[in-house]
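Heads up, the sequence shown is in full-length UniProt numbering, so the first residue is 1 and it goes up one at a time. Accompanying notes for the structure given below.
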Amino acid sequence: RMLLQNQLNQDLIRNLGTRYEIVHPIQISQYWSKGVSTRDSSVDGRITHLQKTSFVIDTFGYKLHLDLELNTNLFAPTFVQLIYSEEELPIAIKELPENCFYQATIRNYPDGTAAFYTCSGVRGIILLDGKMFFLQPLHGNLSETHPHLLYHVAQDELLKCDNTEIVESLAENMLHVQPNEDVALREKFVEVALVLDQSLIEKYSSIQEAITTSIEMINYADMIFKPLNTSLSLVYGELWAKNRIEITNNISSTLKNFKEYAAQRMSRFSIDTAHLLSGSDFNDEQNGIAFLDSVCTANGVSLTKVNNIFLPYISANILAHLIGHNLGMKHDHKHCNCSGHSNCIMANNVPHYESILFSDCSIRDYFQTLNKGFGACLFNMPTLRKAVCGNGIVEESEECDCGTMEECMKLDPCCDPATCKLIMHAECSVGPCCKNCKLLSPDHLCRSSRGECDIPEFCDGKIGQCPEDLFKRNGAVCSSGLGYCFEGLCPVLRNQCQDIWGGDSKFASRSCFERLNILGTPNGNCGFDDKSEIQKCAIENVYCGALQCSEGEKAPVSSETLPINFVVYKMNADGAIHECKALTLSLFDKKHGIIKEGTKCGYKKLCLNHTCTKIRDIVHGKCPHEDIQNTCSSHGVCTNKNTCVCEEGWKGDDCGIVDEEWKLGKGSAGYHDSSEDSNINPHLGNTELKLSPKLAFTVLVSSVIVGLTLVIIVLLFLFYRNPEPPKKVKKSERGKRGH
Numbered sequence: 001r002m003l004l005q006n007q008l009n010q011d012l013i014r015n016l017g018t019r020y021e022i023v024h025p026i027q028i029s030q031y032w033s034k035g036v037s038t039r040d041s042s043v044d045g046r047i048t049h050l051q052k053t054s055f056v057i058d059t060f061g062y063k064l065h066l067d068l069e070l071n072t073n074l075f076a077p078t079f080v081q082l083i084y085s086e087e088e089l090p091i092a093i094k095e096l097p098e099n100c101f102y103q104a105t106i107r108n109y110p111d112g113t114a115a116f117y118t119c120s121g122v123r124g125i126i127l128l129d130g131k132m133f134f135l136q137p138l139h140g141n142l143s144e145t146h147p148h149l150l151y152h153v154a155q156d157e158l159l160k161c162d163n164t165e166i167v168e169s170l171a172e173n174m175l176h177v178q179p180n181e182d183v184a185l186r187e188k189f190v191e192v193a194l195v196l197d198q199s200l201i202e203k204y205s206s207i208q209e210a211i212t213t214s215i216e217m218i219n220y221a222d223m224i225f226k227p228l229n230t231s232l233s234l235v236y237g238e239l240w241a242k243n244r245i246e247i248t249n250n251i252s253s254t255l256k257n258f259k260e261y262a263a264q265r266m267s268r269f270s271i272d273t274a275h276l277l278s279g280s281d282f283n284d285e286q287n288g289i290a291f292l293d294s295v296c297t298a299n300g301v302s303l304t305k306v307n308n309i310f311l312p313y314i315s316a317n318i319l320a321h322l323i324g325h326n327l328g329m330k331h332d333h334k335h336c337n338c339s340g341h342s343n344c345i346m347a348n349n350v351p352h353y354e355s356i357l358f359s360d361c362s363i364r365d366y367f368q369t370l371n372k373g374f375g376a377c378l379f380n381m382p383t384l385r386k387a388v389c390g391n392g393i394v395e396e397s398e399e400c401d402c403g404t405m406e407e408c409m410k411l412d413p414c415c416d417p418a419t420c421k422l423i424m425h426a427e428c429s430v431g432p433c434c435k436n437c438k439l440l441s442p443d444h445l446c447r448s449s450r451g452e453c454d455i456p457e458f459c460d461g462k463i464g465q466c467p468e469d470l471f472k473r474n475g476a477v478c479s480s481g482l483g484y485c486f487e488g489l490c491p492v493l494r495n496q497c498q499d500i501w502g503g504d505s506k507f508a509s510r511s512c513f514e515r516l517n518i519l520g521t522p523n524g525n526c527g528f529d530d531k532s533e534i535q536k537c538a539i540e541n542v543y544c545g546a547l548q549c550s551e552g553e554k555a556p557v558s559s560e561t562l563p564i565n566f567v568v569y570k571m572n573a574d575g576a577i578h579e580c581k582a583l584t585l586s587l588f589d590k591k592h593g594i595i596k597e598g599t600k601c602g603y604k605k606l607c608l609n610h611t612c613t614k615i616r617d618i619v620h621g622k623c624p625h626e627d628i629q630n631t632c633s634s635h636g637v638c639t640n641k642n643t644c645v646c647e648e649g650w651k652g653d654d655c656g657i658v659d660e661e662w663k664l665g666k667g668s669a670g671y672h673d674s675s676e677d678s679n680i681n682p683h684l685g686n687t688e689l690k691l692s693p694k695l696a697f698t699v700l701v702s703s704v705i706v707g708l709t710l711v712i713i714v715l716l717f718l719f720y721r722n723p724e725p726p727k728k729v730k731k732s733e734r735g736k737r738g739h
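Set out below in C-alpha cells:
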C-alpha cells in the first residue's frame, strides 16, 4: 500500500489499466548481487549485458520461470541515427544504443513468450494462455525486493489495417534466387529503417524515451518473425522534431509522401524496408498501411499509428503485420489457421495478443515471394560499417559527403560526390563560416549569444564550421546578482515561476520552501533519490527542491503534452497568509516542478542534484591570470573550458596583449562582464516582500540609536586628537593642495 501511495505509481496505474498485482522478479543467476540488473561488464567504455539469464515471477496464479536471451541481431553494425531539430542540420549518432533488449521463453508453457527491456528494472510484455501481461518497474523505497507492477491488458477492440484486397503488388523486378531452394530453412535478415514523426515524439517526455520505446517495438516484432527464421535488424533511424514530409489525415497520401522521402533520402543506406511511426490521427480510425510485396524495393515502406505510448507492444503487433505486407503476406481469409486460433497476425483487424503467430496462408505467401526472386536482399547478413561515399555522413578519409549527385547540386556544390573531396579551389564545404566555397573572415559572427551567460562565436578563418560553442564558466554572476551562470543559462527563481504561472507570478515566501519541501511529498520535496523514491529536503537545500510560487494565473500556463497536476496551499506564517503553488512530480519527467539545476540558493551557492552547493566545489581549474580581480587580465571573460575570450582591442591567451589592428581575437566575444554578486538569499530578491509594521519600527529605532552612537564616538575622537584649533592655511598653500 505504501508503494501505491506514491504519486508516480498512481499516474502509471491511471494510464495503464486496473487489474494489477505487485510482483518481485527474482533473477536466477550467479550474479546475485546484481538484483534485477542484467549488466555484465564494460568493454571499451561500452556497457554489455548478460547473454542469457532467468527470472522467476509469481503472479495471477502463475509461477513463471522466464529464460531470457539477449537479442544480439537487433542492431546492425552499421546502425546510425539522425536527429532532425526544428532548424539545424541533422545530428548523427553513430554509437550503438545500450543493448538490454531480451526475448524469453516460459518453462512449462511452450506457447508462452515474452520480450523485455532491462536497462532500468525489467519492463516488457508476457504472452500466456491467450492473455497479455505488461511488466513495469515501480517507484518506491523497497528497492531490495525490486517491486514491479504487473497488470493484465484487456483487448477492447481490434485495430484496422487500411490495406485492402485490391492493393496490387508494386514490387520491381529483382534478381531471382533458385526457385526450388528451400527458403524456409535459410536464415533471413530484414534491415529496417525506423522513423518517428513530430506528433509521436511530442507525446514522450524525452527523445531518449521515444527512442527506447520504438526499439522495444522492433524487438517485440522481431520475436514474432523468429519462427520464420527471419530477424529484424535496425540499420537506420530518424527522429523529426519537425515533420520532413506532409502528414495529412489521409493515411494513404501520407504513406505515398513517406515513400517518396525514403526513396530520396535513404537509398544510400542498406535498407530492406522503411517504417514510419506516427502519433497523428487518420480518417476512419485507420492504424496502419503498407505496400504489398515490396521488400527490397523503393516501395518497401509502411506506416503505423501509435495509439498508446504506455502500451507500445500493441502498436508493435501492427508494425509486424505491416512488415508482413512488405514481405508479400496478404490478409488472412476464413480458411487460414494458426495453431487453432481464429485471429492470426495477418488478420484484417489486427489482434492485440490473441495470437502472435502467422497463419499457414501468410507463411505460404512469404515463401512464394522469396521463391519468385522478390526479397533476395533478405539473405544478406548486415555487415560491419565501412566508409561509404554518398551516404551523407562524413566518415574517415572524407572531406565532405553531400549524398547523391542530385543532392550535392542542391545542398553542397563545393563537394565532389564521386570522391567526397572538396572540388578544385574550394576552401570549405558547408557551415556558417563557408560561403560560395570560400572561408569567411575571422571577424564574422557565426553564432549569436543566447543570453548573458552565453558567448557569441566568430569564424576562425580556418574551417567552415563555427568554433566550439562556449559559454561563461559556471558560477559567473548574472541577472543583476539574482543568479549564477550554469551551462550557458541564467536560471532565476522568479523567471521559473513566471514560465509556469504567468508574468505576474513570483516565487513564494521563505515559509513555503522551508515548511513544504522538508516533507517529501509530490508537491514538497527534493526530487528523487537513486532508488527513484521521492526524497525530503534538508533545511539547507529547500531552495533546490520543489518550485514554490505565488500569485499569477489560477492554473499553469506552460504548454506541455502531458496533463499538469498542481496544488495551491494557503499558509499562515509570521502573522500573514502566504500562498504556495507547486506542480506535482510526474512519472515521465523527473524534473517536472523542480527548481532548475544551477539556480542560486545562497551567496556563492547554486543547486546541483537537489543540493545547495558551493560554487568553488564545482569549478575546477583556473583561467589565465585568475586571481581576485585580474581574471583574463581584466580584458575578457572566462569560459567553461577555462579559456579567455577577449574584449575588442585585446588578444592572447590571457587577453593581456594589445591588438594593434583592433580585431577580435580567435572566438572573441567583444564584451565586458560587469555583473556584481549580492550577498542575499534568493527569496529576498523579491521586491514585493515587506516587513511587518512592528518589525519595521523596531529596525528604524535600532538604526537611529546605532547611528547617533557612532556620531558621538567620532566627535569625541576628533576632540581628543586635536585639542587645539587648527591653524589657518594661506590661500596659495591651499591652492597647491587642491592640485
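C-beta: ideal position from N, C-alpha, C; glycine also. Remember, predicted model here, so these are calculated numbers, not experimental data.
- Per DSSP, the continuous alpha helix (DSSP H) segment holding Asp499 begins and ends at 493–501.
- In this structure, Gly237 and Leu194 form a Cβ contact; the two beta carbons are roughly 5 Å apart against a cut-off of 8 Å.
- Per DSSP, the unbroken alpha helix (DSSP H) holding Asn317 starts and ends at 312–326.
- The beta carbon of Pro432 lies closer than 6 Å to those of Cys446, Cys466 in the same chain, with the five residues before and after it left out.
- In its chain, beyond the 5 residues on either side, Trp501, Gly502 have a beta carbon closer than 6 Å to the beta carbon of Glu553.
- By the Cβ-count criterion, Leu135 is buried, with 16 or more other Cβ atoms from all chains shown falling within 10 Å of its own Cβ.
- Under the DSSP assignment, Thr369 falls outside any beta strand (DSSP E), being part of the alpha helix (DSSP H) whose first and last residues are 360–371.
- In terms of Cα proximity to Thr59, the closest of Asn495, Arg19, Arg46 is Arg19.
- In the structure shown, Ala263 adopts helical secondary structure according to DSSP, grouped into three states.
- The Cβ-Cβ distance between Ser397 and Cys414 does not fall below 7 Å.
- Counting of Cβ neighbours within 10 angstroms places Thr639 among the buried residues, the total reaching 16 or more.
- Val568 counts as exposed, since fewer than 16 other C-beta atoms from the protein chains shown sit within 10 angstroms of its C-beta.
- Looking at the DSSP output, His275 sits in a beta bridge with Leu194, Ser302.
- Taking the C-beta atoms as reference points, Leu68 is found nearer than 7 Å to Ala104.
- With fewer than 16 other Cβ atoms from the protein chains shown falling within 10 Å of its own Cβ, Met405 counts as exposed.
- For Cys644 and Asp653, the gap between their C-alpha atoms comes out near 6 Å.
- With fewer than 16 other beta carbons inside 10 angstroms of its own, Ser206 counts as exposed.
- The Cβ-Cβ distance between Glu202 and Asp272 does not fall below 7 Å.
- Only residues of its own chain outside the window of five on either side were considered, and among them Val350 have a CB closer than 6 Å to the CB of Asn317, listed in chain order.
- Every alpha helix (DSSP H) stretch that sits fully inside the region 390–426 and reaches 4 residues is listed by chain position as 405–411.
- Here Ile91 is exposed: its Cβ has fewer than 16 other Cβ atoms, across all protein chains shown, within 10 Å.
- In this structure, Pro312 places its C-beta atom within 7 Å of the C-beta atom of Met217.
- Met132: not part of any alpha helix (DSSP H); member of the beta strand (DSSP E) spanning 131–137, first to last residue.
- Straight through space, the alpha carbons of Ile564 and Ser359 are spaced by roughly 45 Å.
- As summarised for the region 96–133, there are no continuous alpha helix (DSSP H) elements at least 4 residues long confined to that stretch.
- Residue environment for Arg510: buried (at least 16 other C-beta atoms within 10 angstroms of its C-beta).
- With fewer than 16 other CB atoms across the displayed protein chains lying within 10 angstroms of its CB, Thr419 is exposed.
- Of the candidates Ala376, Cys296, Asp284, the residue whose Cα lies closest to the Cα of Ala263 is Cys296.
- Excluding the 5 residues flanking it on each side, Thr254 has same chain C-beta neighbours closer than 7 Å at Ile247, Thr248, Leu303, in chain order.
- Within the region 54–99, the runs of beta strand (DSSP E) that reach at least 3 residues and sit entirely inside it are, in chain order, 62–70, 75–84, 91–93.
- By alpha-carbon distance to Ile594, the top candidate from Asn73, Leu547, Leu70 is Leu547.
- In this structure, the beta-carbon distance from Glu427 to Leu439 falls below 7 Å.
- Cβ contact annotation for Cys526 (same chain, cutoff 7 Å, sequence separation greater than five): Asn517, Gln535, Lys536, Cys537, Asn541, Cys544, Gly545, His610, in chain order.
- If you draw a straight line from the Cα of Phe379 to the Cα of Glu98, it is about 26 Å long.
- Between Ser214 and Leu234, the gap from beta carbon to beta carbon reaches 7 Å or more.
- For Thr212, the enclosing alpha helix (DSSP H) begins and ends at 207–225.
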